[in-house]
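For what it's worth, UniProt numbering labels the leading residue of the sequence shown as 1, then goes sequentially. Built from N, CA and C at the ideal position, the CB exists for glycine as well. The structure displayed is predicted, hence computed values, not measured ones. One structure below.
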Amino acid sequence: MLSCLGSIQPAIYAKDVSVCTDLGRFNIELLDEEAPKHVANFLDYVDQGFYSDTVFHRVIAGFVVQGGGFDRDLLKKQTAAAIENESFNGRSNNRGTISAARTSDPHSATSQFYINLKHNDSLDADENWGYTVFGTVTRGMDVVDAIALLPTGALGSFRSD
């Protein structure tokens with residue numbers, strides 16, 4: 001089962017967003033001072049309505065839930081150009097933080113993001129590039145935890161972790 005992102009809307013200020021899923025709503029505070037390029041990129045996708053009807057396609061219990069790249073039919077969405085990595089911003093991949101998903105290329109992040117279900121210091125920048133933390137869940141982490149508990153499995157090109 002997939003949890004769908006019904007929409008992501010800016011809340012009171014541009015640095016706060018509300019994420020509506022099939023399982024409920026959670027709020028994110030964006031870290032515009034620590035990761036300005038990632039926040040601007042994320043808000044561009046929000047403003048375009050890009051995240052509407054996308055799914056959390058990767059769920060690894062006790063690790064992360066990841067979304068922002070595939071629609072309900074698991075078709076990959078067309079994205080804008082990749083952005084520069086900002087992982088050396090002093091932020092850690094703690095439980096409840098939002099980070100930019102990417103490939104092994106440190107500067108390949110586009111629309112996909114993940115929410116840390118625990119402290120994942122192995123994803124932090126050290127002498128190597130890490131994964132850029134650009135927000136934190138401020139309300140509704142129970143919704144994220146509920147998404148992490150949904151049954152998962154292989155489907156199409158997606159394998160079971």
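Around the Cβ of Ala125, a 10 Å sphere holds 16 or more other Cβ atoms; the residue is buried. According to the DSSP assignment, His38 belongs to the alpha helix (DSSP H) that extends over Pro36 to Gln48.
Taking a contact to require three or more Cβ pairs closer than 8 Å, the stretch 76–83 and the stretch 20–36 do not qualify as touching.
Taking a cut-off of 8 Å for Cβ pairs, the stretch 98–108 and the stretch 123–143 touch, as three or more such pairs fall below it.
In the three-state reduction of the DSSP assignment, Ser18 falls in the strand class. Nearest to Asn94 by alpha-carbon distance, out of Val64, Ala109 and Asp105, is Val64. By the Cβ-count criterion, Phe88 is exposed, with fewer than 16 other Cβ atoms from all chains shown falling within 10 Å of its own Cβ. When secondary structure is reduced to three states using DSSP, Ser122 falls in the helix class. Rounded to whole angstroms, the separation of the alpha carbons of Leu74 and His57 is 8 Å. The straight-line gap separating the alpha-carbon atoms of Phe70 and Gly49 is approximately 13 Å. Leaving aside the five residues that flank Ile147 on each side, the residues in its chain whose CB is nearer than 8 Å to its CB run, in chain order, Ser3, Thr21, Leu23, Phe56, Val59 and Val65. Rounded to the nearest whole angstrom, the CA to CA distance from Asp105 to Tyr131 is 11 Å.
Judged by DSSP in its simplified three-state form, Ala82 adopts coil rather than helix or strand.
Taking the CA atoms as reference points, Phe26 sits about 6 Å from Ser18. By the Cβ-count criterion, Leu123 is buried, with 16 or more other Cβ atoms from all chains shown falling within 10 Å of its own Cβ.
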